[in-house]
Ligand SMILES: [Ca+2]
Ligand SMILES: [Ca+2]
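In the numbering used here, the protein residues as written are 1 to 449.
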């Protein structure tokens, strides 16, 4: 998530009808002060964006006016300042692979790494990919990276795609522009539809980005960083959907995860997480939430999901997610006693623990490392997994409703997720668990052991 720290330090004040900008080219104390009405429309947009975004997002400026205990204690940000990039590919290699690598996941991984380095032409490269890439997920993830870089250039770049022929690309652009300008997402006016006989009222496809901070020495003085783009994360840790039911969504939620390409028989690896927490509902149209999961999981000592070669330890995995969802009063979910407004969009951040087998990484290229299941979640509260835990996972997520079947209507719950309402594995999606209380597909059962 450290890409989010880029370009956020514009020094800007508006006092009365004058704008004062710190001079970015010198250490001069004197800034540039101009009356607002002499600025061109474009200049005024730059000034107002910097000013209002500073008001909306207080953190970047809080170190000058507030208690650092409250605003400077983010552990991921502290690690980001000292961690060594594990992806050492030169910039020109990243640029080339972002456009030319045959695997969309690797194109995106190169693109995100390039953006994370905050290279001068990052927005241009991201825009080029949005315009030319053939994979729509790479395209909308590139839009998201533009939003993360932020600033006026990002808004100008996003505006180019508001009328894209792919309605989801167009809507993501509009949504991100809204967030950058006002802190609030904007949406188009499409209608929605529900799929009957499904376990969940909604199945929201998530974009997830994270930084993996890897503890490299016992002295705690050496840290590595790998920035994982959404498609890379989906391949290694699994594709995730947020699955709320209107009746219970303020207290619990399932994140249904599936990994392709892990099982030899090509079946999906199912890995569901039940989260519980609080939601603040003082407004009709949104909910701020803080949720945690605490789920029973096999911990594979090999560091690879489903690989019992080094032993398996029964453990409990904790994970945190917090953020905000936005309801759309035009999209109704049928309920037994009437109807409820659907969540149109959710965003937030998450963190947890992981284990990566460093010996297995040595001498390997990134595409050999970013393989299904090759990296697992972990816990510190276990006699075996605890001392092995070596990754701090810190990231952000976004998900909105999409029109998956191109009928012009948003699909609230059409995505296939293999979970009961309580997060148990349900491979035939009839609401009844394969095995009561089991939230992750069981290797022994699959092998018939
Ligand atoms: Ca549809
Ligand atoms: Ca079932």
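Glycine residues also receive a C-beta, built at the ideal position from the N, C-alpha and C atoms.
Because the structure is a prediction, the values reported are computed rather than measured.
Q.
Can you find the residues in the same chain that come closer than 7 Å, C-beta to C-beta, to residue 438, ignoring five residues on each side of it along the sequence?
A. If the five residues before and after residue 438 are omitted, its C-beta is found closer than 7 Å to the C-beta atoms of 424, 425, all from its own chain and listed in chain order.
Q.
Once DSSP output is grouped into helix, strand and coil, what is the label at residue 340?
A. Here residue 340 sits in strand by DSSP.
Q: Helix, strand or coil for residue 173, going by three-state DSSP, please let me know.
A: In the structure shown, residue 173 sits in a helix (DSSP, three-state: H, G or I).
Q) If residue 162 sits next to residue 174, beta carbons under 8 Å apart, how far is it from one beta carbon to the other, in whole angstroms? A) Their Cβ separation, rounded to whole angstroms, is 5 Å, which keeps residue 162 and residue 174 in contact under 8 Å.
Q | Extent of the continuous alpha helix (DSSP H) run through residue 127 | A | Here the alpha helix (DSSP H) through residue 127 covers 122 to 132.
Q.
Using CA atoms only, rank isn't needed, just tell me which of 210, 251, 336 is closest to residue 236.
A. For the set 210, 251, 336, the Cα lying nearest the Cα of residue 236 is the one of 210.
Q: Verify whether the separation of the beta carbon atoms of residue 345 and residue 303 is less than 8 Å.
A: No, these two residues do not count as a Cβ contact at 8 Å.
(Q) Going by DSSP in three states, residue 138 sits in which element: helix, strand or coil? (A) Look at residue 138 here: in three-state DSSP terms it is helix.
Q) Under the three-state reduction of DSSP, which class applies to residue 387: helix, strand or coil? A) Reduced to three states, the DSSP call for residue 387 is helix.
Q. With burial defined as no fewer than 16 other Cβ atoms inside 10 Å of the residue's Cβ, what is the status of residue 26: buried or exposed?
A. Reliability of the predicted coordinates at residue 26 is poor, the pLDDT of 48 falling under 50, and no value is obtained from them.
Q: Quick one: using the 10 Å Cβ neighbour count with 16 as the cut-off for buried, is residue 525 buried or exposed?
A: Residue numbering for the chain in the displayed model covers 1 to 449; residue 525 lies beyond these limits and cannot be assessed.
Q. Which residues bound the alpha helix (DSSP H) around residue 230?
A. Unbroken alpha helix (DSSP H) run through residue 230: 230 to 236.
Q | Helix, strand or coil at residue 75 according to DSSP, with G and I counted as helix | A | Three-state DSSP puts residue 75 in a helix.
Q.
Pull the bridge partners of residue 200 from the DSSP assignment, please.
A. According to the DSSP secondary-structure assignment, residue 200 is paired through a beta bridge with no residue.
Q | Residues that DSSP places opposite residue 293 in a beta bridge | A | The partner list for residue 293 (beta bridge, DSSP) reads 275, 319.
(Q) For a test of the three-state rule: what should DSSP assign to residue 178, helix, strand or coil? (A) DSSP places residue 178 in the helix class (H, G or I) of the three-state scheme.
Q: With residue 5 as the anchor, note down where its beta strand (DSSP E) starts and where it stops.
A: Element bounds for residue 5: n/a, residue is neither H nor E.
Q. Which two residues bound the contiguous alpha helix (DSSP H) that contains residue 96?
A. Under the DSSP assignment, residue 96 falls in the alpha helix (DSSP H) whose first and last residues are 91 to 100.
Q) So who's on the other strand from residue 286, going by DSSP bridges? A) Bridge pairing for residue 286: 326 [DSSP].
Q: Thinking residue 80 and residue 154 are a contact (beta carbons under 8 Å), I'd like their distance in whole angstroms, please.
A: Actually they are not in contact, since the Cβ atoms of residue 80 and residue 154 sit about 20 Å apart, beyond 8 Å.
Q) Considering only the beta carbon of each residue, do residue 288 and residue 279 sit closer than 8 Å? A) In this structure, the beta-carbon distance from residue 288 to residue 279 falls below 8 Å.
Q. Among all residues, which have a Cβ less than 5 Å from at least one non-hydrogen atom of ligand 4, and in what chain order do they fall?
A. Ligand 4 is not part of the structure shown, which contains ligand 1 and ligand 2 as its ligands.
Q) According to the neighbour-count rule (16 or more other Cβ atoms, all chains shown, within 10 Å of its Cβ), is residue 165 buried or exposed? A) The residue is exposed, with fewer than 16 neighbouring Cβ atoms inside 10 Å.
Q | Option in 412, 67, 410, 398 with minimal Cα separation from residue 208 | A | Looking at 412, 67, 410, 398, the one whose alpha-carbon comes closest to that of residue 208 is 398.
Q | Element boundaries [alpha helix (DSSP H), containing residue 247] | A | It is not in any alpha helix (DSSP H) - residue 247 carries neither H nor E in the DSSP assignment.
Q) Within the chosen definition, does the stretch 223 to 243 reach the stretch 257 to 275 through at least 3 CB pairs nearer than 8 Å? A) Short answer: they touch.
Q. In the DSSP assignment, what are the bridge partners of residue 211?
A. In DSSP, residue 211 forms a bridge with 227, 394.
Q. Helix or strand or just coil, what does DSSP make of residue 460?
A. Because the chain here runs from 1 to 449, residue 460 falls outside it and cannot be looked at.
Q: Assign residue 370 to one of three DSSP states: helix, strand, or coil.
A: Coil at residue 370, not helix or strand.
Q: Can you give me the Cβ contacts of residue 122 inside the same chain, cut-off strictly under 7 Å, excluding the 5 residues immediately before and after it?
A: Close CB contacts of residue 122 within its chain, under the 7 Å cut and outside five residues either way in sequence, are with 114, 115, 149 (chain order).
(Q) At the level of alpha carbons, what is the spacing between residue 427 and residue 40? (A) Straight-line Cα distance between these residues: approximately 59 Å.
Q.
Short of 8 Å in beta carbon distance, which residues of its chain neighbour residue 333, apart from the five on each side in sequence? Order them along the chain.
A. Once the five neighbours on either side are set aside, the close Cβ partners of residue 333 are 194, 201, 202, 246, 339, 340, 341, 342, 412.
Q: Ignore the nearest five residues each way along the sequence and tell me which others in residue 215's own chain have a CB closer than 7 Å to its CB.
A: 223, 390, listed in sequence order.
Q: Write down the C-beta distance between residue 108 and residue 234 rounded to the nearest angstrom, noting that I regard them as a contact closer than 8 Å.
A: The pair is not a contact, with the Cβ atoms about 10 Å apart (cut-off 8 Å).
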